[in-house]
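Residues in the sequence shown are numbered consecutively from -17, following the numbering used here. Ideal placement from N, C-alpha and C gives every residue a C-beta, glycine not left out. Beneath this line is the structure, given in structure tokens, with notes to follow.
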Amino acid sequence: MAMAGEENYSPEDVQAVAHASSVDVAQQPESTDIKSGSNVAFASLHDRKADDSASGNAKTAIEAIDIEEQEEDFANGKVHELTAPATADDVITNAIHLHDDPSLPAITFRSMFLGVGLSIFGGVLSGIYYFKPQTIVLPAVFLAVMAFLLGETMSLIIPRKGRIGRFLNPGPFNIKEHLAITIMANSASISALGIEIIAVERLYYDKRLNGAISVFLLLSSQFMGYGVAGLMRRTMVYPKVMLWPSNIPINSMLENLHLRLPEGRKPLRVFLLVFAAIFIWELFPQWIMPILTGISVFCLADRKSQVFTNIFGGAQGNEGLGLLSICLDWQYISGGYSPLYFPISSLISQGIGVCGCIILFAGVYYSNIWDATRYPFLSQLIFSDTSTAANVVQYNQTLIIGPDNRINMTAVDDLGLPAFSASNVLNLLLTNMCIAAALVHLFLWCRDEVKVAFSFLDPRKLYHSIRNLPVTARRAFTPGARGDDEEWKDHYDPHYAFMRSYKKCPDWWYGIVLILSLVVGLIVIYQADSTLPWWGFFIASLVGYVLIVLLGSMQGITGVPFTIQSIVQMIGGYIQPGNPVANMYFSLYGYNALLQGKLLAQDLKLAQYGHLAPRVTFFVQMLGTLIGVVFNYIMANSIVTNQFEILLSVEGTNIWSGNQAQQINAQAVTFGGLPHQLFSVGARYEWVPLSMFFGFLAPIPFWLAHRKWPKLGLNYVNTPVILFYLCYLNVGINSSLMMFFIVGFTSQWFIRKRYPNLFVRYNYLVSAALDGGTSVMVFILSFAVLGAAGAAVAFPMGADEEGKALATPEFWNTRYEKSDGSNPTHEWFRSFDALKLFFEKRLLASKPANTNPRILHLGSGDSTIPFDLSSLNYKSQFCVDFSQVVIDLMKTRTPADSGIEWKWADVRNMPEIPSSSIDVAFDKGTLDAMIHGSPWSPPDDVLENSGRYLGEVHRVLKDDGVLLYVTYRQPHFMKPLLNPDGKWEMEMEVLGGGESSFDYYGWVLRKART
């Protein structure tokens, strides 16, 4: 059961076609231990074009790669020594060796068993974690490590005797099997975006798609991108300029795990050592000392400054820009895209973009452009235009959806238009510019390659292809035939020479995949009542096609994963305004096609570097995707059915969350429902679409300057990458950026220049080891102690001990003994002035002073808020705390006529306060002092203490009483603690951060009506 290379060319045939690009040989490093006169010399596409433009029509010499000689050197253990800085071509011929053994079987019982098993594992896990508060992503390097461990185990324990033994265990676990398993599992492990629509329509639009339509919806949206990318492989895969840098570490790892390399076993030992070291180290930032995720000297120096937090913070999601922060967690430094494999030109462009991003975000926010200071510094939510800096109000998009699931413009007029944070506006604006710049950049620098992508539109070629389709199909299935093989191109990757030893995968195979996807998708949008018309569907498909070529090619060159879903949604909104459901379907076929197309192209390059037969690659990709789709749907359908109410709630629980579905629905409502009102000329955000004009212009000055002064190196300036990174810090944890660039420039500039041999042998291998060790440990910790399985376990030492101490009177007695007797030790969680709007709305308006409400301050400490309320004539206040030191202290500070009484009490047990006697209870930090450990699954003592506390508050409140609670903790963590048994009716509003380092939240709890 083996599918190896069906037909091998002779060494002479391979040598005849395997010649390199036009280069200036004098400028290239010589390779040692190779026959006299042979050079392994290449130049990047940009360099080749630069030389051509500088010298007019002059042509440089063409050198040939002696493939037979390279393989002979490989077999004899000869190492190529570099005497000059390593080039991209040195990387793809030394980090991944020019060697192949076509006799190795790729399709065996073992590879199919493990491939299908890991595909099911990946499909199930990605389906589950779409609805989890904690996201788990299975990177390809993790799947490759798991495949190696399982494959080696099977080869050792399964007997090889007899026909059955040889079928089950055909020999040592080989690199071709390993690569086939990895690609199959990787194809299945990317969550199908179609489950977003299935979930959102169930949750928000009361529509339930049947199983068949759902599966075909997923299949058509997944395979459409595959079909396009397969047809574009001459543009996106074969050329050596399409480096797809993220593949190099994986291929280097596979070589070192399976092959006897000329460098010996030392690289494998280095891999295992680095893998083990990072595996152990990740225990510290992930579990033992989470503070290692982000350390900022500036934030530590002034913890109260919001400006410092905005600029230098970044250890928490949306906290700040992370300037000069130190991160010691490889999971965040890499973020799935290791700094070790980005080309130096890409790193320079990224660095320019990030520096510009910090300046731009800070400048726009503090200049109050788009009313920036009324909204959070970093946020992807939509807000009401009634928001203020002290009282940020989230936009309630459910109020503007009519019964026909379209936008109700009357409701929009009443509620007002939604608003965005300035950082979110800049993200949209610069993403538009990035797309436009990518189009012009590719036309200027890579027009020959892009021309190939659209060559099928030539009527003569189209007619010729259709006319010869029967002959092509017959040849494709004729034993011994080469299929639709093509001639070698000068700019192709040298590894492509080995791929010519195998039958090609005909274009019409991918064409059929694309056509079937279009037909099935067209049927599905009507059967699902998507409200997206047929012409809208084809426009979405066209958008996906163009974006695959543009952004897929840019990612292949630079390694940068461009993400532009909001822009696709905006286009769909202009096509079908006021229709959120149609917009989601437009986004699915326009944006998901891009994602899947890039994935297929990336894995095709992975297969080309590993010399896996094209038809094997096609087979495992299609099978893996099919398995992933089926299990994605099974899990999504089950979770939405059984966790319906939880997925609708804003906070969710520590086990389930509808956050991603909520975000998709919100984007469909705003970008898809109100594009004219928000983005047309004259609207508040008119420059978002108009920015594309400047994007078209951005690459042109650099191209013209390079033609005039070719030695300046302006051909390395990648304007789409710069524009993409100008808005890169708009979301997430940003504390890792400085370490990212330190690691990247040390590797790609210093080591690559000073120690080229060390670089090509170990750089990408170390990258794979770091990513592999990290991903394995993070996966284990996620299920073992971080709450991915629903039960988190806090590390028993360190910072959590202080968290436990906060719930003891001894801690607070010691603290308050240091008071000078006149001033508060610390006003926790904002002052009265900062909370004035909250009090006006929730206390002064509903419980005015003239009604003499009884106010209970829970754990009041030495706060001055009781005195502030007393000055407003609230003269019936009762303050309790379990620190006798602070009670005695505050009695000495309190005037006799203040109407404030201080008494010792433990808020978890207040027998001295009668039941149903309190009108308003106020908590500002007391409940937070009882909380420690993992927020995903709090320890038992947290659940016990918070439950006793809230039970007492519920007892002492009157039936119309209210608990006002101020906290900085995220709402989705607090809701399960505040209302585990449904005793409360709850409201929550964002209070903003003021001068603090966090946003604060105001909760209003009333007794639930029975």
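Candidates the options: closest to residue i by CA position
| i | options | result |
| --- | --- | --- |
| PHE130 | PRO681, ILE110, ARG148, LEU100 | LEU100 |
| VAL889 | VAL611, TYR667, GLY929 | GLY929 |
| SER899 | GLN859, ASP910, ILE341, ILE334 | GLN859 |
| PHE198 | PRO231, SER328, ASN614 | ASN614 |
| MET391 | ASN891, VAL699, THR652, PRO917 | THR652 |
| ASP963 | ALA650, GLU971, LEU925, PHE294 | LEU925 |
| SER203 | GLY881, GLU809, LEU570 | LEU570 |
| GLU237 | SER852, ASN156, HIS473, GLY843 | ASN156 |
| GLY299 | TYR983, GLN952, LYS957, ASN961 | GLN952 |
| VAL219 | SER512, HIS593, VAL525, GLN313 | HIS593 |
| SER405 | ASN292, ASP981, PRO325 | ASN292 |
| PHE904 | GLN379, GLY841, GLY714, ARG190 | GLY841 |
| ILE895 | SER512, HIS936, LEU851, LEU630 | HIS936 |
| GLN645 | TYR377, SER327, ALA371, ILE340 | TYR377 |
| VAL868 | PRO791, SER171, LEU175, PRO385 | PRO791 |
| ALA680 | LEU412, GLU799, PHE365, ILE546 | LEU412 |
| ILE262 | LEU763, THR275, LEU768, SER852 | LEU763 |
| PHE113 | GLN866, ASN716, GLN625 | GLN625 |
| PHE821 | LEU946, LEU504, SER897, ARG92 | LEU946 |
| GLY754 | THR874, ILE260, ASP311 | ILE260 |
| PHE955 | LEU973, SER366, ILE913 | ILE913 |
Beta-carbon gap between residue i and residue j smaller than 8 Å
| i | j | result |
| --- | --- | --- |
| VAL182 | ASN574 | no |
| PRO657 | PRO559 | yes |
| ILE179 | ASP475 | no |
| LEU838 | VAL938 | yes |
| TRP491 | PHE601 | no |
| PHE568 | LEU514 | yes |
| GLY493 | LEU239 | no |
| ILE382 | LEU397 | yes |
| TYR484 | GLN590 | no |
| SER278 | PHE253 | no |
| GLY304 | LEU719 | yes |
| THR69 | PRO325 | no |
| MET552 | PHE661 | yes |
| ILE724 | TYR314 | no |
| GLN211 | GLY534 | Reading the sequence as shown, one finds Ala at residue 211 and not Gln. In contact: ALA211 and GLY534 (Cβ atoms closer than 8 Å). |
| MET617 | GLY109 | yes |
| VAL622 | GLY572 | no |
Whole-angstrom C-beta distance between residue j and residue i, which should lie under 8 Å
| i | j | result |
| --- | --- | --- |
| LEU747 | SER234 | 5 Å |
| PHE811 | VAL611 | That belief does not hold up - the Cβ atoms of PHE811 and VAL611 are roughly 47 Å apart, past 8 Å. |
| GLY606 | SER169 | 3 Å |
| MET674 | ASN414 | 5 Å |
| TYR698 | CYS339 | Not confirmed; about 20 Å, so no contact. |
| PRO121 | SER757 | 5 Å |
| ILE163 | GLY97 | 4 Å |
Classification of residue i by the beta-carbon crowding that lies within 10 angstroms, buried from 16 upward
| i | result |
| --- | --- |
| LEU987 | buried |
| ALA990 | exposed |
| GLN603 | buried |
| ALA40 | Its pLDDT being 28, under 50, ALA40 is placed unreliably in this model, and the coordinates cannot settle the point. |
| PRO400 | buried |
| TYR667 | buried |
| VAL22 | Any reading at VAL22 needs caution, since the residue's pLDDT is 30, under 50, leaving its predicted position unreliable; the model's value is listed next. Classification for VAL22: buried. |
| ASP941 | exposed |
| ALA887 | buried |
| GLU934 | buried |
| ALA650 | buried |
| SER852 | buried |
| SER349 | exposed |
| VAL663 | exposed |
| PHE142 | Looking at the sequence shown, residue 142 is not Phe but Arg. Classification for ARG142: exposed. |
Chain B within 8 Å of residue i, Cβ atoms only
| i | result |
| --- | --- |
| ILE315 | Of the protein chains in this structure there is only one, and it is not chain B. |
- Message: Could you tell me which whole alpha helix (DSSP H) segments of length 4 or greater appear in the stretch 217 to 265?
- Response: Counting only runs of 4 or more, we get 229 to 240, 248 to 263.
- Inside the stretch 79 to 142 only - alpha helix (DSSP H) runs reaching at least 4 residues: Within the stretch 79 to 142, the complete alpha helix (DSSP H) segments at least 4 residues long are 91 to 111, 122 to 139, listed from N- to C-terminus.
- Query: At which residue ranges does the stretch 622 to 684 contain complete beta strand (DSSP E) runs of 3 or more residues, listed in the order of the chain?
  - Reply: Taking only runs of at least 3 residues, no beta strand (DSSP E) segment lies wholly in the stretch 622 to 684.
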